[in-house]
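Structure record follows, encoded as structure tokens.
Residue numbers (this note's numbering): 28 to 186.
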């Protein structure tokens with residue numbers, strides 16, 4: 028039962044995270060592009076300064092943490108296939124979302140925050156790279172979520 032709960036929590040976090048990244052990759056960044064660079068820079072700065080909340084921490088770190096805990100619980104219960112899927116989901120999330128955020132998105136966000144000069148230049152230096160790497164985060168989260176669905180299926184008790 029613990030395995031199902033942990034993997035289920037990981038799946039919820041992964042789905043929320045994938046949805047957040049998708050929203051930014053698509054409608055949010057396209058919405059910024061429809062406005063002025065001044066507005067885009069100001070709003071992205073505001074988002075970046077306010078996104079750190081307990082719910083965001085769950086969405087950001089939860090898939091890796093809970094998938095790994097679920098993998099350990101599944102392994103302990105002798106469900107090695109479920110453990111493998113959950114472990115793979117944890118690794119994919121850690122590399123595809125957390126590592127990409129730390130190495131690409133945070134430096135870009137810092138540069139945008141500290142940047143001076145024309146908003147057009149700031150946004151041109153920021154948006155294309157940020158969005159391209161965000162697509163990767165979205166794909167990684169979808170793959171992690173699919174693996175967690177498989178892990179849940181494999182962790183179900185035999186009928």
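Virtual Cβ for every residue (Gly too), placed ideally from N, Cα, C.
Mind checking whether residue i and residue j have CB atoms under 9 Å apart?
| i | j | result |
| --- | --- | --- |
| residue 44 | residue 124 | yes |
| residue 185 | residue 110 | no |
| residue 122 | residue 86 | no |
| residue 135 | residue 64 | no |
| residue 30 | residue 97 | yes |
| residue 102 | residue 132 | no |
| residue 181 | residue 106 | yes |
| residue 92 | residue 37 | yes |
| residue 116 | residue 68 | no |
Classify residue i as helix, strand or coil using the three-state DSSP reduction.
| i | result |
| --- | --- |
| residue 144 | coil |
| residue 79 | coil |
| residue 54 | helix |
| residue 90 | helix |
| residue 28 | coil |
How would you call residue i, buried or exposed, if buried means at least 16 neighbouring beta carbons within 10 angstroms?
| i | result |
| --- | --- |
| residue 60 | exposed |
| residue 71 | buried |
| residue 74 | exposed |
| residue 175 | buried |
| residue 164 | buried |
Considering residue i, what are the terminal residues of the alpha helix (DSSP H) in which it resides?
| i | result |
| --- | --- |
| residue 119 | 107-120 |
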